[in-house]
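Residue numbers (my numbering): 6 to 311.
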Amino acid sequence: MMHAPTRKPIVRFAPSPNGLLHLGHARSALLNWRFAQDHAGTFLLRIEDIDRERCRPEFEQAIFEDLAWLGLSWPAPARRQSDRFDVYRAALTELERLGLVYPAFLSRAEIRTLVREKEESGEAWPRDPDGAPLYPGTERDLPADRRAARIGSGAPFAWRLDMKRAIEGLKTQLLWQEAHESGGDGAAHPADPAKWGDVILARRDTPASYHLSVVLDDDDQGITDVIRGRDLFEATAIHRLLQEILGLDQPVYRHHRLVADESGRKLSKSDADTALAALRNGGSTAADIARMAGIGAELRPFPSPA
């Protein structure tokens, strides 16, 4: 039998309004909602709308409609990340003061070309847990005057975390608490952010990446339990590192299994997978969605990922 948390949990569902919600989103939202209900906690809705080019008001409205149709409610107004750009910039400034970020000017195309040339010559190139090649770090030690000149010229760049320096500054072993999606305190899991290399924390025209904004918002909203998909399991190492550096609270993490199609591929907005609105318009009920998303009275906790 699963034990209830020792404190009233605060959980959040944090979709991006860059497309319509599908069954995978429904699973995550319903697990968060059920966890809050089961433990007399609070369910929050956060709109992750940092990407102002792709995020649209009509998708945000659709999120509200879909969640309400599923029977979910949350304290109003829902938080929007676009209202917190100053907070993200301040955190980035602090990381810059600590000497832990640097401007990187290589474009994605230039990185792909460099990696392809190395691999074609027989040299193995390290990749992150998602399979993307690690940033080469060639600009990590660029002299200050050259950095300033490049920035002053208007060259596009991204702020990257100096991963090696950030890890060297840790005073303790980096761990996170991984628990079952439905309850229990779980066990400590070692975090290895070095697997990700010098990750992007912001771009010139975007004040924060997902990694930076999510830890700042979770801390500010007092999130006690982060219930999200297993596709973000490895990324938790980055989040724990940023929490340590910035002095932020650490929630308990509960990574749930993903909803996949018949071929085993996880559902995605970009692949135009069936939206909740389309299923609703086709006659599905909220109970049908819960069943299709793997949520029901028969739901039982499962072991956390190894």
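Ideal placement from N, C-alpha and C gives every residue a C-beta, glycine not left out.
Computed from a predicted model, the values in this text were never measured in an experiment.
Per-residue DSSP class, three states only, for residue i
i: P195; result: strand
i: I300; result: coil
i: K200; result: helix
i: M7; result: Any answer about M7 is weak, because its pLDDT of 35 lies below 50 and its placement is not dependable; what the coordinates show is given next. Coil, per DSSP.
i: K176; result: coil
i: P306; result: Confidence at P306 is low in this model, with a pLDDT of 37, below 50, so the placement of that residue should be treated as unreliable; the coordinate-derived value is given next. Of the three classes helix, strand and coil, the one that applies to P306 here is coil, per DSSP.
i: F64; result: helix
i: R57; result: coil
i: A114; result: helix
i: A160; result: coil
i: L221; result: helix
i: L97; result: helix
i: V264; result: coil
i: K271; result: strand
i: R145; result: coil
i: A311; result: Confidence at A311 is low in this model, with a pLDDT of 34, below 50, so its placement is unreliable and no value can be given for it.
Spatially closest choice to residue i from the options, by CA coordinates
i: H185; options: I172, D88 and D230; result: D230
i: Y93; options: V120, A81 and A207; result: A207
i: I116; options: F238, E144 and D91; result: E144
i: Q86; options: S214, D254 and K200; result: S214
i: P134; options: W201, L263, R155 and A149; result: W201
i: F69; options: K13, G46 and P22; result: P22
i: L251; options: Q42, L97 and G76; result: L97
i: R132; options: A31, L25, D203 and L35; result: D203
i: K13; options: L35, A34 and A41; result: A41
i: W74; options: L26, W164 and A160; result: L26
i: R152; options: E125, I55 and F110; result: F110
i: A95; options: D167, I156 and L217; result: L217
i: A265; options: T279, Y258 and L253; result: T279
i: E53; options: G46, H44, R39 and D88; result: D88
i: K176; options: L139, F162, E125 and E249; result: E249
i: R164; options: G142, R235 and G174; result: The displayed chain sequence assigns Trp, not Arg, to residue 164. Closest option to W164, Cα to Cα, is G142.
i: D236; options: A34, H260, L147 and L139; result: H260
i: D167; options: D293, Y140 and P80; result: Y140
i: D162; options: R209, E183 and P148; result: Rather than Asp, the amino acid found at residue 162 in this sequence is Phe. Of the candidates R209, E183 and P148, the one whose C-alpha sits nearest the C-alpha of F162 is R209.
i: R84; options: G76, L72 and R51; result: R51
Sequence-distant residues of the same chain with beta carbon closer than 8 Å to residue i, five excluded per side
i: A196; result: L179, L180, W181, T241, A242, R245 and L246
i: P62; result: P22
i: R170; result: G104 and L105
i: N37; result: V16, R17, F18, F48 and I232
Residue burial classification, residue i (beta-carbon count within 10 angstroms, cutoff 16)
i: S112; result: exposed
i: N286; result: exposed
i: S158; result: exposed
i: P20; result: buried
i: P212; result: buried
i: G316; result: No information on residue 316 is available, as it lies outside the stretch 6 to 311 that the chain covers here.
i: A137; result: exposed
i: I300; result: buried
i: E122; result: exposed
i: G127; result: exposed
i: Q66; result: exposed
i: S78; result: exposed
i: A192; result: exposed
i: D313; result: Lying before the first or after the last residue shown, residue 313 is absent from the chain, which here runs from 6 to 311.
i: P108; result: buried
i: R59; result: exposed
i: W130; result: exposed
i: R102; result: exposed
i: G46; result: buried
i: R57; result: exposed
Paired residues, beta bridge with residue i - DSSP
i: Y258; result: E183 and V231
i: Y107; result: R165
i: I52; result: R85
i: A280; result: H27
i: A207; result: W164
i: L16; result: Position check: residue 16 holds Val in this sequence, whereas Leu was assumed. In DSSP, V16 forms a bridge with F48.
Cβ neighbours of residue i in the same chain (closer than 6 Å, five flanking residues each side left out)
i: I228; result: I15, R17 and P256
i: P198; result: A242, I243 and L246
i: E124; result: W130
i: E183; result: G191, H194, Y258 and S309
Nonlocal neighbours in the same chain, by C-beta distance under 7 Å from residue i, ignoring five residues either side
i: L263; result: G29, G234, R235, D236 and K271
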